[in-house]
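Let me begin by presenting the structure, written as structure tokens, before commenting on it.
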Amino acid sequence: MEDLSNSGDARVRSLRQWSENGFGELNLGLLMCVLGGIYPYALLKVRLLGPSYAMIGPFLMLAFALPFVLISKRVLARVIYPRTGYVVFRPSMPRIWFVVIFGGLGAAQAVALAYWGFKLQDLGRAAGPAMGLFFAALFLWGVIAYKMPQYLWFAGFSLLLGAVTFFAGSKLEGAIWVMVSLGVVMALDGAFRMKRFLRTHPILEDHHA
Amino acid sequence: MPELDRVIHEPARLLIVTLLATVEEADFLYLLQATELTKGNLSTHLAKLEEAGYVEIDKAFRGKIPLTLARLTREGLDAFRSYRKEMTALLKVRERSRSAARSRAITIASQKA
Chain A
51 MEDLSNSGDA
61 RVRSLRQWSE
71 NGFGELNLGL
81 LMCVLGGIYP
91 YALLKVRLLG
101 PSYAMIGPFL
111 MLAFALPFVL
121 ISKRVLARVI
131 YPRTGYVVFR
141 PSMPRIWFVV
151 IFGGLGAAQA
161 VALAYWGFKL
171 QDLGRAAGPA
181 MGLFFAALFL
191 WGVIAYKMPQ
201 YLWFAGFSLL
211 LGAVTFFAGS
221 KLEGAIWVMV
231 SLGVVMALDG
241 AFRMKRFLRT
251 HPILEDHHA
Chain B
-19 MPELDRVIHE
-9 PARLLIVTLL
1 ATVEEADFLY
11 LLQATELTKG
21 NLSTHLAKLE
31 EAGYVEIDKA
41 FRGKIPLTLA
51 RLTREGLDAF
61 RSYRKEMTAL
71 LKVRERSRSA
81 ARSRAITIAS
91 QKA
């Protein structure tokens, strides 16, 4: 007797099926490229106008991330849903926790940059490896929680990028390189998967109950 | 022996409810693909689940495209959770009786030897 009612397995299966369209990787990869590109601008502002302008980075990130979310919703509606059907997955944890965690991280970053500004440059050599480790941990979580082995490559690549920036002696810019390089690779992987998905999944005739 | 909810216990409906328990909402097209049921079958089972108050169905429009959206109600989610609990209990009972039968067979075999 098989337990058909295991919703945990059903969720993982559905998400794995859903991830075949590559939209998540393409979206996240492009977002990482955009956000990674903002930091050099924020750092330039800091150099020109003083450490208090360091706070501009997280706010710029937020300003870019919001339209990105809106655009991605439109792409989902026009390209993906006509091929898969419309679905909104339940988040793995309550939305408020996402807001608390990412809001807290953003606020902490803004405060740290505003208070220490240039001094953070002294810790710069650790930035690339720290960013690489952070993303590797995120991808490993994806491998374990959602049984998506392709994320193992991304985790390995994140660690490799972190190590490269460390041995290359990069400072704070190392973190940006990790983010942008990883973003490019993810976006390319997503684009290839989406191309394959679009070829194999034609737009479905609309069915109704 | 726990009493199983007959509305959910039917395999096709169990599949639909399990899928809906993992999503906030899904349209008819998604459910059709994910369950691999026929249109008629899916419609019938969704109607039964709606009748039992386990599923909420909304007919909406996205632009000019009509959508049939389904989501599990609070009652449906509770029913699904208690079904899962009862099913797990049943599977445990089955596992226990299996291992008891196995050890009985081993004892008989060793006595014969």
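If you're matching them up, the sequences are chains A and B in order. Sequence positions in the first sequence follow my numbering and run 51 to 259. Sequence positions in the second sequence follow my numbering and run -19 to 93. Heads up, the beta-carbon is just placed ideally off N, CA and C, and yes, glycines get one too.
What would DSSP say about THR15 of chain B, mapped onto helix, strand or coil? Taken through DSSP and simplified to helix, strand or coil, THR15 of chain B comes out as helix.
Does chain B have any CB closer than 8 Å to the CB of SER142 of chain A? Proximity of SER142 of chain A to chain B, defined by a Cβ-Cβ separation below 8 Å, is not satisfied.
Any residues in the stretch 107 to 140 of chain A with a beta carbon nearer than 9 Å to a beta carbon of chain B? Which ones, in chain order? For the stretch 107 to 140 of chain A, which is checked against every Cβ of chain B, the residues closer than 9 Å are ALA127, TYR131, PRO132, THR134, GLY135, TYR136, VAL137, VAL138, PHE139 and ARG140.
Would you identify the three-state DSSP class for GLU4 of chain B, choosing helix, strand or coil? In this structure, GLU4 of chain B counts as strand in the three-state DSSP scheme.
May I ask whether a heavy atom of the ligand PLP can be found less than 7 Å away from the beta carbon of LYS221 of chain A? Ligands in the displayed structure: none, and consequently the ligand PLP is not present.
If you run the structure through DSSP and keep just helix, strand and coil, what is PRO141 of chain A? In the structure shown, the three-state DSSP call for PRO141 of chain A is coil.
Per DSSP, which residues does PHE41 of chain B bridge with? Please list them. PHE41 of chain B is bridged by DSSP to B:PRO46.
Any C-beta of chain A sitting closer than 8 Å to the C-beta of GLU4 of chain B? Yes, GLU4 of chain B counts as interfacial toward chain A.
Pick helix, strand or coil for GLU55 of chain B, following the three-state DSSP scheme. Here GLU55 of chain B sits in helix by DSSP.
I'd like to know whether the C-beta of ALA259 of chain A is nearer than 8 Å to at least one C-beta of chain B. Summary for ALA259 of chain A: the model assigns pLDDT 42, below 50, so the residue's position carries little reliability; its value from the coordinates is reported in the next sentence. Taking Cβ atoms only, chain B reaches closer than 8 Å to ALA259 of chain A, which makes this a yes.
Since ARG249 of chain A meets chain B, which of its residues come closer than 8 Å, beta carbon to beta carbon? The contacting residues do not exist; ARG249 of chain A stays about 17 Å from chain B at best.
Delimiting residues of the alpha helix (DSSP H) encompassing LEU210 of chain A: 200 to 217 is the span of the alpha helix (DSSP H), which, as asked, contains LEU210 of chain A.
Against LEU47 of chain B, what residues of chain A qualify as contacts under a CB-to-CB distance less than 7 Å, listed in chain order? What LEU47 of chain B touches in chain A: TYR136.
Less than 6 Å between C-beta atoms, sequence neighbours within five positions excluded: which residues of the same chain meet that for LEU0 of chain B? Counting only Cβ-Cβ distances below 6 Å, and skipping sequence neighbours, we find LEU52.
CB contact below 8 Å: GLU75 of chain B versus chain A: It does not: the Cβ of GLU75 of chain B has no partner Cβ on chain A nearer than 8 Å.
Can you tell me whether ARG(-7) of chain B is buried or exposed, with buried defined as 16 or more other CB within 10 angstroms of its CB? Buried is the label assigned to ARG(-7) of chain B, since at least 16 other Cβ atoms lie within 10 Å of its Cβ.
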